[in-house]
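See structure below.
Chains as they are written, first to last, in my numbering: chain A, 1 to 338; chain B, 1001 to 1338; chain C, 2001 to 2338; chain D, 3001 to 3338.
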């Protein structure tokens, strides 16, 4: 860690801070320059983060040398982690597709959609029983009844089931019905939920928050690993920017950036990432081309009457087209499809 | 609501959608233009939102006419709501300051800080017992023990107490100790928490999420009012932008914009809004000048050793300077101070 | 165009605005609702834009129905435009790569780099003689001497030459030496330059501004077409967001979105789009997969000593690897490579 | 400057980079840590910026210690610069208001508006003869004829005149008619224009680009000072963020931040900063409260029929109200008004 002092800092300020570095068990360095005094601290600087040296009135800035995460880092764990969700393995050389409607609406809706995505080659089904809705007047999901339908359809079709948990109070029930727990974008920094989900004994799909830096996504995953769960799949789903043509800006830069830094697998959600049905296929292909480990994609038997997110949901025949187009691209980058 | 059809939409598409508008109890309008067919729906369009017309494959765009919130709107409730937190009233003509450390660290730290802010004229004390921390290795707060200290100091000094609740599981305990419940920026769209907090029977300070549009902040408040609680104070605390010179970009535009649209009072948090101690005083004055109803500001007896947010916390003498500078500005805009 | 009046607007306000709509030659519509009066104007609403109805004190909002651009629109011109830059054709079924260093540094540097990119399969060479630099102390390019080198190398290697023009004062000289004129991101809304470049009789590569919405990029292109030049290639090069892990956020959503709305070809610049050498290959593949018509990519014979943008420039052997990896992906999406 | 090497960097990589630091005349430092080797360079690191060490394949990151600007810095020039535009002095203890319409439309329009703003206490008049317009179909300003009107009205009313220059080709003509040259937000990084304007011998009002970091604004000003012109006024006019309720997000944090770092005066443009007439007065007061040296504000004799920016232009009586409200706030922060 590098600590830059303000021009008006005195030698005794430097001395005081160097002592705090030493006391924390790190090796202090003193680098007086002509315009600024710079201090260094060598060692595990995560310890130093707790010293909050940027709070000192004579400190101009603090520049970390090491990433603030550890367990999720490839430096600690060079090999790809394979996450098993039911019978599906994410990570490694295969590219997997998890598909389904935004929300569980009815038994028939989920069954028909599930049949369609299975026939087209999806490896797992997704659907929400608890839905985060911007407005209190939106459809909030069917809750426990939705979970029950989801489990039944998953069992009938032999598809692992991924669904969102929004509250620690619902965690046991959701964990009982799902093969993987999704933590949604709006809850990526709901740290109480992360701590609880980390101990629930189920694989987790962790979506990037819409204002989360990649480093913050990795730190959110670090919460899960620190709680003892390394079965974590990250998911890029678009960030919020000034562009309004699309619902979000899908940050595909994040895919190779994350893959280089962490051993955890990464999915792309092109549905939320664009918000527009007609962009889902090309962006899915782009996700495969830049190294994602799979997709999380919204499909509905009839999006025109969907209770939520219909504008970004594929029709079953479009999903079919997507799956046919994906194969050649996935293989072109040297991976296996399906 | 205005519905623009795609150029390729047929007359029967228009007919189908007009029928859905009628069925929802609204008055449909048909406006065929030379390049696009435009449909309208007159009436309470919140009903229509549930129809999700943008999901229809022949719909190009949907343009709402009315704001999606109702209970928080000044159109429904023209007069300013006064929110009472213990003996303090926020809203109306007075300008109030809530101050204290980021976190409850020790009894002495909170007592000393509390004494200082009370002497300088603060109307309430704030401090966190549960702290949202980006890293799992950060100080998470003392939890129940912190709540106890906070209540004791509040009672001793005769200052109402504002503190954050992060999880529905902690809600009863926090509500028992606090005079107002704070919902933090990271939880502004934790809808399970909002629903529960709306029913807890305590005033709420709702902070804007760092990627939340003003409309989304108002919809989050709508959750609280819809749950039966109209004792809600909004708080602007900076949004995330490309600018890295400051921790966040304090969006003061939001203050007059919100005041014109809602009857709820609005605070400004210049500490998170800037992240830099030296900017807190000028931005506090700006907040007062543009019509905020008060401040939520971080003060620590010795920020240089604070366990969190020290870099943005004022020293007690700086807080004194702030309070002295605020008076003339508050009065210059025709309000009462303190 | 839809005009929503404020709740306090009187019938005579509506009458006045309807008259202005009529006077502009459009068909006015009056739609009184229970909470707002809504007005419509059917016809070519680009005329109405000039009426600036949003300036009226009783207008709450104005909602356009049609896109504000015309000549660049696929609705006006359904077929793909093919842009010819020297012997290279961009647009249609082929995928083209334009490569070269950020700046012309020396004759040898450009020649060596040019030889390398030609051998690997690039279709044109790029390099700047005029460089926009954030700091006045940065290397500004060699100007006319750089142009001369560029032309010589282009002629020697038989590669068309693309280079940036930053000022109307330099336009004639640049046009004399280049096969295509690049308008850089910082000048995308330099409207004097756009007007002049539109009349220069050379193909144009127009880069998206780092804060430009897609609609604004298309309107900047509209300046060029309105000046009589339809040989325009758009280029996505990343937008500025809150994410700091990468230099910019490459907005690949923009590629299919733009291709659906305009007949002009679109390139991707993965070098500026990421700012990180190690991300250039995967993002190039993603660009090809989602429908881009080619790449604009920075390559330097020895990036470690480049005078600008070295961190995002590929080594010649990395460029070779890129070209080998691109072929299969380009063909997987049904296009021809090279 | 601090240089962090990649984990895989060898001792000879470190040696090579240390030699480059020495060769540039700076003092090299070698700080081997357990997980990374860190190098330092003490001295004027602006020299090092040119070495582009981040381009080296074994460099993980480069962290500057000093700000990249020099002439604009308060460290170099501690006292406030006073900029004289005609008879008006900006900077120091007074707070000045420059007002007028977005564009020169007619002699009468400008004269009536000028009379109104002068009567209300404005110190200078602003209006554009050359207008940057997003669409090629917008009103581009009257050019030379507009300049002539502007000069006449300025002379008649005894008000200094501020107007925008968009192109080096127009610079002489604009400089001949104006008392200060405005460089608009879209041209803040038009470096050819900055270099030319820096040599034109007139005071400059430099507006912040809508995606410009504060550091980039200061570097743009550095271009002007490096060209020999220290009569530079900065202007915050809102940045582009995800928020769409307002046209831009006025970044008032920037005001105290800039004032602490540079000796140049800073204005606020609340018209572009909000885009909404009803927000202009409160945000003007906020600007005064947080330390701005004045305002640049749009006023039109009849905004409802303005050819551009009418929605954000004040009516003359609103401008009067603004000026009356400003006085007490300006004096409350210890400055003189007018």
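All C-beta atoms, glycine included, are put in the ideal place defined by N, C-alpha and C. As the structure is a prediction and not an experimental result, all values here were calculated from the model.
With 16 as the cutoff for other CB atoms within 10 Å, does residue i come out buried or exposed?
i: residue 2052 of chain C; result: buried
i: residue 2106 of chain C; result: exposed
i: residue 178 of chain A; result: buried
i: residue 76 of chain A; result: exposed
i: residue 140 of chain A; result: buried
i: residue 11 of chain A; result: exposed
i: residue 1156 of chain B; result: exposed
Residue i and residue j look like a contact to me (Cβ under 8 Å); what is the Cβ gap, rounded to whole Å?
i: residue 3039 of chain D; j: residue 3031 of chain D; result: 7 Å
i: residue 1233 of chain B; j: residue 1265 of chain B; result: 5 Å
i: residue 1184 of chain B; j: residue 1256 of chain B; result: 24 Å between Cβ atoms; not a contact.
i: residue 2196 of chain C; j: residue 2163 of chain C; result: No, residue 2196 of chain C and residue 2163 of chain C are not in contact; Cβ-Cβ is about 16 Å, not under 8 Å.
i: residue 3036 of chain D; j: residue 65 of chain A; result: 6 Å
i: residue 2003 of chain C; j: residue 2059 of chain C; result: 6 Å
i: residue 3227 of chain D; j: residue 3199 of chain D; result: 5 Å
i: residue 1125 of chain B; j: residue 1143 of chain B; result: Between residue 1143 of chain B and residue 1125 of chain B the Cβ distance is about 18 Å, and since that is not below 8 Å, they are no contact.
i: residue 1207 of chain B; j: residue 1237 of chain B; result: 5 Å
i: residue 69 of chain A; j: residue 224 of chain A; result: Not confirmed; about 11 Å, so no contact.
Using only the alpha-carbon positions, how far apart do residue i and residue j sit?
i: residue 93 of chain A; j: residue 2270 of chain C; result: 25 Å
i: residue 2045 of chain C; j: residue 2029 of chain C; result: 13 Å
i: residue 2018 of chain C; j: residue 2005 of chain C; result: 12 Å
i: residue 2119 of chain C; j: residue 1250 of chain B; result: 52 Å
i: residue 1190 of chain B; j: residue 1287 of chain B; result: 27 Å
i: residue 1203 of chain B; j: residue 1147 of chain B; result: 17 Å
i: residue 3205 of chain D; j: residue 2104 of chain C; result: 33 Å
i: residue 2127 of chain C; j: residue 3134 of chain D; result: 28 Å
i: residue 1101 of chain B; j: residue 3329 of chain D; result: 29 Å
i: residue 116 of chain A; j: residue 274 of chain A; result: 22 Å
Which residues in chain A sit within 7 Å of residue i, going by Cβ to Cβ distance?
i: residue 1077 of chain B; result: Going along chain A, no residue has its Cβ under 7 Å from residue 1077 of chain B, so there is no contact; the nearest lies around 17 Å.
i: residue 1216 of chain B; result: 134
i: residue 3035 of chain D; result: 66
i: residue 1109 of chain B; result: Going along chain A, no residue has its Cβ under 7 Å from residue 1109 of chain B, so there is no contact; the nearest lies around 14 Å.
Give the range of the beta strand (DSSP E) segment to which residue i is assigned.
i: residue 1099 of chain B; result: 1094–1100
i: residue 2088 of chain C; result: 2088–2090
i: residue 2294 of chain C; result: 2294–2298
i: residue 1173 of chain B; result: Looking at the DSSP string, residue 1173 of chain B is not in any beta strand (DSSP E); the run it does join, the alpha helix (DSSP H), is 1171–1177.
i: residue 163 of chain A; result: 161–164
i: residue 30 of chain A; result: 27–32
i: residue 3004 of chain D; result: 3002–3005
i: residue 2183 of chain C; result: 2180–2183
i: residue 3124 of chain D; result: 3124–3126
i: residue 3037 of chain D; result: 3037–3042
At a CB-CB cut-off below 8 Å, which residues of chain D make contact with residue i?
i: residue 1249 of chain B; result: 3239, 3241, 3249, 3251 and 3253
Just to make sure I have the definition right: I need the residues of chain D whose C-beta is within less than 9 Å of the C-beta of residue i. Which are they?
i: residue 2222 of chain C; result: 3135, 3136 and 3137
i: residue 2126 of chain C; result: Those do not exist, as residue 2126 of chain C stays about 18 Å from chain D at its closest Cβ, beyond 9 Å.
Run through chain D and tell me which residues come within less than 7 Å of residue i, C-beta to C-beta.
i: residue 1066 of chain B; result: What residue 1066 of chain B touches in chain D: nothing, since even the nearest Cβ is about 15 Å away.
i: residue 63 of chain A; result: 3002 and 3063
What are the boundary residues of the alpha helix (DSSP H) that residue i is part of?
i: residue 67 of chain A; result: Segment: none, residue 67 of chain A is in no alpha helix (DSSP H) and carries neither H nor E.
i: residue 1146 of chain B; result: 1144–1157
Which residues in chain C have a C-beta closer than 8 Å to the C-beta of residue i? List them in chain order.
i: residue 1072 of chain B; result: Here the premise fails: no neighbours, minimum Cβ distance about 16 Å.
So residue i contacts chain C; which residues on that side make the cut at Cβ distance below 9 Å?
i: residue 117 of chain A; result: Simply none; closest approach about 22 Å.
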